[in-house]
Every structure is written in structure tokens, then in C-alpha cells.
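Enquirer:
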Amino acid sequence: SGPSVWGADGKVMMASGRSSWDHGGAAHLHRDAQPAVEIVQQQFEMPAPGNYEYSYKTTNGIEAKEHAALKAEDSEAVEGEYSWVGPGGERFAVEYTADET
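When we follow our numbering, the leftmost residue of the sequence shown carries the number 851, and every step to the right adds one.
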């Protein structure tokens, strides 16, 4: 077991690492065909060099948005979030920040 990626507030603290999986002849696994997922809403704006905002929503309940701002030359801060609906109908969400820290 590696380090925990979840903070006390339920937000992701670390999201890097490596994993491997030996499928061991997974040909016997079967999944029902899933309907095609379509993007139902999408937006992208770049109001100034180094700054952007984007968002999208899909027919299967996935939503994402992110924005970035140029803080100094060659230094950008990015914040965003994404969410999805699990098999039981519960919504899961992740918020993130990426900057010089």
C-alpha cells in the first residue's frame, strides 16, 4: 500500500504514481455494450495569453471545468474540478490546484 492520496477534507492531495495490471487472460471477462457518450456542452475561452477557461458536460454525467491564470512570466496557476456519476447513482467529484507549490 502506498501513500494516501486523500486529505482530511476528502480532496486529492497527490495524484501521481505507477500501477501495473496483469490481465491474466482477461478474454473471459464480458461487459455489456455501453451507449456512445456524447458531449452535450463545451466551452473554451482564452481571454489573454497564458489565461484560459474550459468546461464540458457529457451524456453520461461527466462534468469538468478548469481555468488558468498567468501569475508571472513562465508561471501559471491552474484550478479545476471534474465529477462523474457512479453505478449506484452517487456523484463523485475531485477538485485540484496546480501551481508553483
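Just so it is clear, CB atoms sit at the ideal spot from N, CA and C, and this is done for glycine as well.
Please read these numbers as outputs of a predicted model, since none were measured by experiment.
Does the Cβ-Cβ distance between Ala-943 and Glu-929 come in under 8 Å?
Expert: By 1-based counting over the sequence shown, the position of residue 943 is 93. By 1-based counting over the sequence shown, the position of residue 929 is 79. Not in contact: Ala-943 and Glu-929 (Cβ atoms no closer than 8 Å).
Enquirer: Mapping DSSP to helix, strand and coil, what is Val-887?
Expert: To locate residue 887, count along the sequence shown from 1; it is residue 37. Val-887 falls in the coil class under three-state DSSP.
Enquirer: Assign Met-863 to buried or exposed, taking buried as 16 or more other Cβ atoms, counted over all protein chains shown, within 10 Å of its Cβ.
Expert: Here the question's residue 863 lines up with position 13 in the sequence shown. Because the pLDDT of Met-863 is 43, which lies under 50, any placement of that residue in the model is unreliable, and the number read from its coordinates should be weighed accordingly. It is exposed - the Cβ of Met-863 has fewer than 16 other Cβ atoms within 10 Å.
Enquirer: What residues in its chain sit with their C-beta under 6 Å from that of Val-935, if we drop five residues either side in the sequence?
Expert: Here residue 935 corresponds to residue number 85 of the sequence shown, with the count starting at 1. Counting only Cβ-Cβ distances below 6 Å, and skipping sequence neighbours, we find Gly-911 and Arg-941.
Enquirer: Of all the CB atoms in chain B, is at least one closer than 8 Å to the CB of Met-896?
Expert: Within the model displayed, chain B is absent; a lone protein chain is all it includes.
Enquirer: Hey, how far is the Cα of Pro-885 from the Cα of Thr-908?
Expert: Residue 885 sits at position 35 when you count from the first residue of the sequence shown. Residue 908 sits at position 58 when you count from the first residue of the sequence shown. If I take the Cα positions, the gap works out to 12 Å.
Enquirer: What is the residue span of the beta strand (DSSP E) that Gly-930 lies within?
Expert: Counted from its first residue, the sequence shown places residue 930 at position 80. Run containing Gly-930: 925-935, per the beta strand (DSSP E) assignment.
Enquirer: Quick one, which of Ser-905, Val-890, Glu-888 and Ile-889 has its alpha-carbon nearest Met-896's?
Expert: Reading the sequence shown from its first residue, position 46 is the one you call residue 896. Checked all of Ser-905, Val-890, Glu-888 and Ile-889; the closest Cα to Met-896 is Ser-905.
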